[in-house]
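**Student:** Position one of the sequence shown corresponds to residue 1 (UniProt numbering), numbered consecutively onward. Where is the CB? At the ideal position from N, CA and C, for every residue including glycine.
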Amino acid sequence: MASVDVTPQVDNPATQPETVTVAEYLVARIDQLGGGQKQPIFGVPGDFNLALLDYFEKHPRTDWLGCTNELNSAYAADAYARTSKNMATLITTQGVGELSAINGVAGSMAERLPVLHIVGVASTAVMKSSKVLHHTLASTSSSYTAFASTASQVTSAQALLQSAEGAGQEIDRIIVHAITACKPVYLTLPTDLVKAKIPAAPLKKPLPNAHEIRGLVEADSAVFSDETEKQKAYEAVVDEIVKLFHEAKNPIVVVDACAIRYGQEEAARALIEKGNITFFDTPMGKGAIDESHPHFGGTYIGALSNPIEIKELAEASDLVINVGALSSDFNTGSWSGSLKDKKMVELHSDHTVIGYARYPGVPMRVILPKLAQALEKIAKADPTKSDKFIAARKAREAKNTSILEECKTKLDAPITHDWFWPRFGKFFDTGDVILTETGTSSFGILDVTLPDKATAISQVLWGSIGYALPATLGAAIAARDQGRRVVLFIGDGSLQLTLQEIATIIKLGLKPILVILSNDGYEIERKIHGETAAYNDIAHIDHQLLLKTFSPPNGSKQKQAVHESIQVKTKAELDKVLNDKAFASADKLRLLEVVMPRGDCPHALTLQAEMSAKINA
């Protein structure tokens, strides 16, 4: 992918400083991406990044948040990028800090999130010497290269600043790459370069807006010899898809994760509407297009699709247009569906696949609008009138309704997953940001029809337990500016990995609803292997004390937080809470502990665990 043009355009250089420090340049670029809004900076201070942090702290539109550790910072940055649809900034220190964050950064790489990871490193003079420095491996041969080498495996591009010369161009290159490729990037800044002077002129031209260039591919000469050849390739690909569509009787569209990551939700919607096509989402693509849309067929997960009528409707197709596929095991029901046997078109961020033919340099960003325009002329008859579509719609609606109706006379019974998720589905509202932790929560949400304009966040592919709690911090920062409610679902086992980030949520005055599923351990692991094994047990803690524990003590300079903790053990108790308008208002931080029977889990998790156990064997 060729770099996007960021050539400076200096209109009135006489009124601008000729030079700025490297730190000022970097802060200015991050500020420009915010469009006038404050840009949160996630991270942990360390001696090699402290001088840089001074510049972020004094800038009026960058907001140093600070987190309890670097891993949580990376998780928070990841979720901020998901919710804001913009680049997130993460700052750590050399060695100990960056390695602590690397698991979270790897998750952003796997799931396609634009995160700028800035690492403060030792001065250039020290790195060139043979001195053994703290936060290194005490090896003169690799101490100052080992971590960058590691980062290169989990980031899409790297910039290791070694001098002031060219520093501004490198900063521009790395930021543009992050927001274009929608992947994390890695930038090291030595301590002695923080205040080094570089030309200010490039700052006159702000970098391209993230929404304008996400998923943009500038095909290089290795793919196309010139613009004419490139346009002919686009036309040929569209023509081939149009031919397949014209021949198909039951085409469908599957909208997946990368449609969201690369900002193609509206383009995919236009394709569906102009072509009059039934569409499905996936666990990672859930909510990309409103699930109330009349053409929505359900969430397709192969054999895990629930009810079975969704699977039957999808697999009755004879042409699949897959937009932004990420075909991992948990996203496909361990590849258990039969869509792969159909005529298949895959639209990706930098290429298109039609059957067995691959077309590099032909991205969905270009093809989707061209294809929508072409299909409008040969649109199919109303797909919602078909018997299979009607059956799937009725089955989806009846499934949750029957479960709720059945339980009306049994509200004093324990809370089980088959009742819990449909009931919470009635609680959700337009625009909610809904986070579900890997495990019971991420599988339970699959059968819930999300409200319009909802953002669903779940680390389906990377699946690092503990992700969702600090991710709630990042999502809540973005949602606060958007006026949206944030609801987290996390198991008691996952919670223990990262629960200290509740302190930062309280410190910042954020007001998410934290729903803890208290079922005495790692239920997803028990379903895969070790149902009664001690290694799937956890320490017992009093969840009702968490908000108080992480609140500032009396007399603290930090503002006292208003919060509420609730524990429910029966369906009647939970039903009462969810009917409470004050609880739903999200006017303060709330923790809702839901006690559930050990061994109970969503049906989809039981099936997936069986598949995973077979694969592992």
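Which one of His563, Asn554, Leu113, Gly521 has the shortest CA to CA distance from Asp587?
**Tutor:** His563
**Student:** For the stretch 314–385, list the beta strand (DSSP E) runs that are entirely contained and at least 3 residues long, ordered along the chain.
**Tutor:** 319–323, 343–347, 351–354, 357–360
**Student:** Scan the stretch 421–465 and note each continuous beta strand (DSSP E) run of 3 residues or more that stays entirely inside, going in chain order.
**Tutor:** 433–436, 455–457
**Student:** Determine, using beta-carbon pairs with one atom in the stretch 200–213 and one in the stretch 159–177, whether at least three such pairs fall under 8 Å.
**Tutor:** The stretch 200–213, when compared against the stretch 159–177, does touch it at the 8 Å Cβ threshold.
**Student:** Answer with buried or exposed for Arg261, where buried requires no fewer than 16 other C-beta atoms within 10 angstroms of its C-beta.
**Tutor:** buried
**Student:** For Ala88, name the three-state secondary structure that DSSP assigns.
**Tutor:** strand
**Student:** Quick one: measure Cβ to Cβ for Ile374 and Val242, integer angstroms, because I've assumed they're closer than 8 Å.
**Tutor:** The question names Ile, but residue 374 is Ala in the sequence shown. Going by Cβ atoms, the distance from Ala374 to Val242 rounds to 5 Å, so yes, they are a contact pair.
**Student:** By DSSP's criteria, Arg590 is part of a beta bridge. Which residues make up the other side?
**Tutor:** Ile513, Glu564
**Student:** Report all residues from its chain with a CB closer than 8 Å to the CB of Ser156; omit the five preceding and five following residues, and keep chain order.
**Tutor:** Met109, His177, Ala178, Ala181, Lys183, Pro184, Val185
**Student:** In this structure, does DSSP put Ala164 in helix, strand or coil?
**Tutor:** coil
**Student:** Gln37 by DSSP, collapsed to three states: which one?
**Tutor:** coil
**Student:** Return helix, strand or coil for Ala138, following the three-state DSSP convention.
**Tutor:** coil
**Student:** If contacts are defined as beta-carbon pairs under 8 Å, then Lys385 and Ile277 qualify, I think. What distance do you get, rounded to the angstrom?
**Tutor:** That pair is no contact at about 13 Å.
**Student:** Could you give the C-beta distance for Val433 and Thr83, rounded to a whole number, given that I count them as a contact under 8 Å?
**Tutor:** 6 Å
**Student:** Determine the direct distance from the alpha carbon of Val366 to that of His543, and round the result to whole angstroms.
**Tutor:** Spanning the alpha carbons of His543 and Val366 requires a straight line of approximately 50 Å.
**Student:** In the DSSP assignment, what residue or residues form a beta bridge with Leu116?
**Tutor:** Thr89, Val185
**Student:** Under the rule that 16 or more other beta-carbon atoms within 10 Å means buried, what is Arg423, buried or exposed?
**Tutor:** buried
**Student:** Select from Gly509, Leu446, Glu437 the residue whose C-alpha is nearest the C-alpha of Gln459.
**Tutor:** Glu437
**Student:** So, are the CB atoms of Asn56 and Val27 less than 7 Å apart?
**Tutor:** Note on residue identity: the sequence assigns Phe, not Asn, to residue 56. Yes, the Cβ-Cβ distance between Phe56 and Val27 is below 7 Å.
**Student:** Shortest alpha-carbon distance to Leu517 belongs to which of Gly491, Ser328, Gln94?
**Tutor:** The residue with the shortest Cα to Cα distance from Leu517 is Gly491.
**Student:** Over the uninterrupted alpha helix (DSSP H) stretch that includes Asp600, give me the two end residues.
**Tutor:** Segment: none, Asp600 is in no alpha helix (DSSP H) and carries neither H nor E.
**Student:** Which word fits Arg598, buried or exposed, when buried means at least 16 other C-beta atoms lie within 10 angstroms of its C-beta?
**Tutor:** Exposed, because fewer than 16 other Cβ atoms sit within 10 Å of the Cβ of Arg598.
**Student:** Identify, in the order they occur along the chain, each residue of the same chain with its Cβ nearer than 6 Å to the Cβ of Pro470, setting aside the five sequence neighbours on each side.
**Tutor:** Asn72, Tyr75, Ala76, Thr498, Glu501
**Student:** Measuring CA to CA, which of Pro383, Asn616, Asp481 is closest to Gly431?
**Tutor:** Asp481
**Student:** In or out: Ala259 buried (at least 16 other Cβ within 10 Å) or exposed?
**Tutor:** buried
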